[in-house]
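Protein chains in written order, with numbering that gives the first Met the number 0: chain L, 0 to 333; chain Y, 0 to 333; chain S, 0 to 333; chain Z, 0 to 333.
Where is the CB? At the ideal position from N, CA and C, for every residue including glycine.
Protein chains: 4
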Amino acid sequence: MALNVGVVGVGKIGQEHIRRLTETLAGVRVVAVSDADAARADEVAARVPGAKAYPTGEELIAAKEVDAVIVTSWGDTHAAYVIAAIRAGKPVFCEKPMATTEEDCSAILDAEAAFGKRVVQIGFMRRFDTQYRAMKETVQKGAIGTPLMFHSVHRNAFSPGHFKATMAITDTAVHDIDIARFVLDDEPVAIAVKAPRGNSRAGGVADPLFTLMDMRSGALVTIETSVHIAYGYDIRGEVIGETGTVSLAEQNEVVLKVNGAFSGRVFADWPERFDPAFDAEFRAWISAAGKGGAAGPSAWDGYVATAATLAGVKALASGAREPINLRDKPALYA
Amino acid sequence: MALNVGVVGVGKIGQEHIRRLTETLAGVRVVAVSDADAARADEVAARVPGAKAYPTGEELIAAKEVDAVIVTSWGDTHAAYVIAAIRAGKPVFCEKPMATTEEDCSAILDAEAAFGKRVVQIGFMRRFDTQYRAMKETVQKGAIGTPLMFHSVHRNAFSPGHFKATMAITDTAVHDIDIARFVLDDEPVAIAVKAPRGNSRAGGVADPLFTLMDMRSGALVTIETSVHIAYGYDIRGEVIGETGTVSLAEQNEVVLKVNGAFSGRVFADWPERFDPAFDAEFRAWISAAGKGGAAGPSAWDGYVATAATLAGVKALASGAREPINLRDKPALYA
Amino acid sequence: MALNVGVVGVGKIGQEHIRRLTETLAGVRVVAVSDADAARADEVAARVPGAKAYPTGEELIAAKEVDAVIVTSWGDTHAAYVIAAIRAGKPVFCEKPMATTEEDCSAILDAEAAFGKRVVQIGFMRRFDTQYRAMKETVQKGAIGTPLMFHSVHRNAFSPGHFKATMAITDTAVHDIDIARFVLDDEPVAIAVKAPRGNSRAGGVADPLFTLMDMRSGALVTIETSVHIAYGYDIRGEVIGETGTVSLAEQNEVVLKVNGAFSGRVFADWPERFDPAFDAEFRAWISAAGKGGAAGPSAWDGYVATAATLAGVKALASGAREPINLRDKPALYA
Amino acid sequence: MALNVGVVGVGKIGQEHIRRLTETLAGVRVVAVSDADAARADEVAARVPGAKAYPTGEELIAAKEVDAVIVTSWGDTHAAYVIAAIRAGKPVFCEKPMATTEEDCSAILDAEAAFGKRVVQIGFMRRFDTQYRAMKETVQKGAIGTPLMFHSVHRNAFSPGHFKATMAITDTAVHDIDIARFVLDDEPVAIAVKAPRGNSRAGGVADPLFTLMDMRSGALVTIETSVHIAYGYDIRGEVIGETGTVSLAEQNEVVLKVNGAFSGRVFADWPERFDPAFDAEFRAWISAAGKGGAAGPSAWDGYVATAATLAGVKALASGAREPINLRDKPALYA
């Protein structure tokens, strides 16, 4: 009765998902893995009892024992695997970005629409975070009146060696863009990106960035990304409504009072901050995939995120406010 | 490779543990259940795929397919099942109270000492709570100097219909007593219980209670139990050291600002507050039991908790400070 | 039109009050000072434009230009000066303790009752603190139901060289005792004091202390005094009612996030914490004294504080719960 | 020895300042008032013992008994009075805006520079707020590294009947603009203003506004003004540096726990929030003016605030980023 999962792409994130599925969560087994690096696929398979390495993602997707697929390969390759899974009628969990071009995203939308049923779930784990869910619920029930602004703050202590300024949009702000859409239940129409005085710790790339995203309703989303801020991983958010606001509460375990000060710990990095959200995300997926479907963020959400971040990259280069022209939304996602 | 578990006593708590083991956690299966109410055992077994109902706990414990045992029957019956499991060499998780008399507790200690290895784990889930663990770690590393006091506050919105004042000690304060021992790494020597002005919502029983427990080191533990306080389930704690203090941080998801006030939610009840701790507790047990052992709170901890709460019950009646005379600690628990 | 004030006793506290009256507050002048140390009186008078030194407090009180009197001499001498002021019909502000014996307190009560009008105000400045006032108001309007307990915490970073354990009751806990009466609108009937494991920084005297005070209504007041706790000056308080609680909010200016932690400053000492309360206390006094009366804490409050702390000193020595037997309350204080 | 003050313009703000000077603060007397409405001047003078009404501000400024001047007339008239005071060599406290045109501001700068000594103090009271002072100090000592951004939030529950969108810049954001300059020790170079989805409670005017101000160093200042947000008066601020952040702590008196939630009060309006800052501002002024000078915000600060807000008004209309071209800074303000 457990869900038998195949994982396409077993780099760092893929392995982390395998660990979560095999060591933490109930009702799921990892039965197949594949990777562009065949040796790595073999090595990972050897460590996961019951898992077999496949030479290609396509073969893995086609394999009989595979009930559902997780795509954690490089972003450029996502679309092909996701479409293959859709065509095979197999539920597929795809890490963000769903695809790196609007064309690839659109192809996925068309494939899923043609299949006629949602089978794609995108890895926007924040949608499963209890804090953001409480925020959305607060907005939805009208507690703060019509939402007018959303201030999102995304801070990382450091960024990987290969960091480029555009990644602060495509890899970092993408989460804020998606969660703003989720919380506000609204779509973006334009985006502008400012590069303030740079952090000297950022090795010459533009950091921080300050993004302004206009929503269809007129609501304004602001996003601060500071990805070399040293002190920790800090995700802040506040929705401003007509009559009140709702913001993410600070989280910490204990408060220490010593030496003339009170203090508490800030999260070190995202795996720690969002660990329960990752659990919840996969629990929802395992349950939905077990019934042949998907939960939470859809291919449409993946598409809009890519469209918005690509417009953001353009806006960073141009210095101008760039439109986000979304294609028509297939009825499947209504 | 999954741990095959039998559950003795499938009332509310037992069923909740079964749900957690089968729907939430990896690496475990529930293969056997028993209950004083045979119909209930059958009914629960019917709902858990792969589980078989046994007429008695003894037969369940003896069953070949049972690797490890969970005891969630009525408190008075715990000792017999726990001792049977020890003698069968099977890891056993026993809900608190480990037993309701010091004699029964002592018999368990003797049985486990005779077996020569820890196989008993007691259900003090707070020891797996990240907040208390951070508190203990803070104390242990000397951040606040030598601990001198521990203020613990235990509030329930309401109590069950069958509530008696002594239950605020044996069922409520028992958690605070155990966690104070855990955080301070100290043993109780005496206990006094005051009954302040009573809550009119408590239906005539003495509530709140204020307990003072003296520790071997001289440290003072104070415990407020307010079990009809209406506003929510609220667990507060602060350790006062020579140079500083450490306290449990407030937890909440979002902060709302409306109508001239900021506000946030308080937990409604203990399953919500300690849900992640229950997960962590059983993860630790599954892992340890898989190796034939136990993790976290031991039979000794179960014994001291019972001894201290029984002295507390006596103190409530006498109005005096009652000694807590602990037996010698078997070397197994050193 | 300004109030002309004479100050009896110009040690540290007296000089601090003179500074506040002359440099900070409107509507008041210091026109006379006296001190057991005549040279000190001369010196202080020389620094305060318009102030004259008197050889004795009695002469100062009798002086024509003195509208109202502040008594900040040693505690043992308070009663004589306060009674002299009452008999002169002059409003008198007396620092706590109002007197050091119940007899002296009683003599003041009798004198003021005979005078027939409140002219005595005692220096319990917490009653003018906006936080405690909000707490009292919250309780009074029934927001938490009937109050059942009050937990008060009084922490000093260090204590003066001449500190004795009894001072933690008479000089420290006295504030908590008074404010508990104020917030709960209740009177004490008994007191017990426990001395937990001692702080090694306390130089051999018993610190911390944990005091339990029973109120007439049955409400329980607990008071932790930790007067060598190094980290700062920290005043905490929480009232526990039948349906909720109200507690003093933490106060700080800015929150810093650096090095993996958030942090903020704790007050260093009481002058900083209660500076606005001292301003408010004297504003209320200046206004009331200008009309020949007094505001806030009365001679009765001064008496009960002394009676309770003396019982507390006895309780610390005896280890027993000591009764607080209050005399009849003159109608003046009803 | 008290400072004798004349107040030009005794409308609401002028009367409030008179109340503070006469009823709250030491060392100052109000001896003269004037107003465009002569009857109002007479009426106010009649209520302030020792105060005389003058037919014009010019005569008041020239009056022998007037040591120092407070200008609280309508903004358009400020410059003439301030310049008259400078020429009379009298310290002058001028409410914001210092003047409503850059020309008038410049004339004040020239007059004070010609006088050769600072005698003008502008009413940016936030500079005397303990929270902002702690924030500035934190930044100055390098605790968060070089500052890169400042997020300021300015919320009013409601706005007066005559509110226009530009007032959210000239009357509201002007405070944020000034305090950002103060905290960052930096000057603005350009400003842009966005009008998000409007608050339906704002009666058709654009509210909220979101302002982006670029500083000379490259630091970015963002200012949210929401002036019909109903829930209260809320001033938030955070400086983001290279290695950390510092933000204004939340302020409240008590925390209430009832009905499943904790809660606390938000300030109702600015007089309550900044009352201690107003006291501190005037204490500093009384002290400095007593020595013939001025403290805190200078005429230069008044000028830059006007220049920046006028550029902001232009930016709101144009939708573009408008430069803020500051004149040369006289050596007096170096």
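Compare the C-alpha of Pro159 (chain S) against each of S:Ile121, S:His153, S:Arg125 and S:Gly202 and name the closest.
S:Gly202
In chain order, what residues of the same chain lie with their CB nearer than 6 Å to the CB of Ala52 (chain S), ignoring the 5 residues before and after it?
Val32, Ala40, Asp41 and Ala44
Is the separation between the beta-carbon of Gly311 (chain Z) and that of Cys104 (chain Z) shorter than 8 Å?
no
Secondary structure, alpha helix (DSSP H): runs of 4+ residues fully inside the region 99-136 of chain Y:
101-114
For Ala260 (chain Z), go through chain Y and note every residue whose CB falls closer than 7 Å to its CB, in chain order.
Ser262, Gly263, Arg264 and Val265
Taking C-beta to C-beta, are Ala287 (chain L) and Ala293 (chain L) nearer than 8 Å?
yes
Cα-Cα, which of Y:Glu22, Y:Phe114 and Y:Gly56 is closest to Ala35 (chain Y)?
Y:Gly56
Residues in its own chain within less than 7 Å of Leu108 (chain Y) by CB, not counting five upstream and five downstream?
Ala298, Trp299, Tyr302 and Pro329
Can you give the Cα-Cα distance for Arg196 (chain Z) and Ile228 (chain Z), rounded to whole angstroms?
13 Å
Do you know how far the Cα of Arg180 (chain S) is from the Cα of Arg18 (chain L)?
59 Å
Endpoints, the alpha helix (DSSP H) within which Asp75 (chain S) is located:
First-last for Asp75 (chain S): undefined, no H or E at that position.
Considering Gly236 (chain Z), what are the terminal residues of the beta strand (DSSP E) in which it resides?
Asp233 to Gly240
By the DSSP assignment, the alpha helix (DSSP H) with Asp175 (chain Y) in it spans what residues?
Val173 to Leu183
Answer yes or no: does any C-beta atom of chain Y fall closer than 8 Å to that of Lys89 (chain Z)?
no
Three-state secondary structure (DSSP) at Gly5 (chain S)?
strand
Pull up the CB-CB distance for Gly243 (chain Y) and Tyr230 (chain S), whole angstroms please, since I reckon it's below 8 Å.
4 Å
Cα-Cα separation, Leu208 (chain Y) to Ala316 (chain Y):
12 Å
Let me make sure I understand the geometry here. Which of S:Glu22, S:Ala38 and S:Arg28 has the alpha-carbon closest to that of Asp64 (chain S)?
Here residue 64 (chain S) turns out to be Glu, not Asp, going by the sequence shown. With distances taken between Cα atoms, Glu64 (chain S) lies closest to S:Arg28.
Is Asp233 (chain Y) close to chain Z? Criterion is C-beta to C-beta, closer than 8 Å.
yes
With Lys313 (chain S) as the anchor, note down where its beta strand (DSSP E) starts and where it stops.
Here Lys313 (chain S) belongs to no beta strand (DSSP E); instead the alpha helix (DSSP H) covers Ala298 to Ser317.
Coil, strand or helix - Gly263 (chain Z) by DSSP:
strand
Using the DSSP secondary-structure output, state which residues sit across from Glu223 (chain Z) in a beta bridge.
Z:Val152 and Z:Phe209
For Cys93 (chain S), I'd like the list of residues in its chain whose CB is within less than 6 Å of its CB, leaving aside the five on either flank, ordered along the chain.
Val70, His77, Val81 and Ile121
What are the residues in the region 216-247 of chain Y lying within 7 Å of chain L by C-beta distance?
Thr242, Gly243, Thr244, Val245, Ser246 and Leu247
For the pair the region 123-131 of chain Y and the region 149-158 of chain Y, tell me if three or more CB-CB distances fall below 8 Å.
no
Can you give the Cα-Cα distance for Ile234 (chain Z) and Ile323 (chain S), rounded to whole angstroms?
48 Å
Chain S contact for Lys135 (chain Y) (CB, 8 Å cutoff):
no
So the beta strand (DSSP E) Ser286 (chain Z) belongs to, where does it begin and stop?
Run containing Ser286 (chain Z): none in the beta strand (DSSP E); it sits in the alpha helix (DSSP H), Asp274 to Gly289.
Quick check: the Cα distance between Ala314 (chain Z) and Arg215 (chain Z), rounded to an integer number of angstroms?
18 Å
Can you confirm whether Val119 (chain S), when its beta carbon is compared against all beta carbons of chain L, has any partner nearer than 8 Å?
no
Would you please verify whether the beta carbon of Ala142 (chain L) is less than 8 Å from any beta carbon of chain Y?
yes
Looking at the strands, I want to know which residues DSSP matches up with Ser33 (chain L).
L:Val7 and L:Tyr53
List the DSSP bridge partners of Met166 (chain Y).
Paired residue(s): none; Met166 (chain Y) is not in a bridge.
What in chain Y is Cβ-close to Val257 (chain Z), meaning under 7 Å?
Tyr230
Chain S within 8 Å of Met148 (chain Y), Cβ atoms only:
yes
Chain Z contact for Val4 (chain S) (CB, 8 Å cutoff)
no
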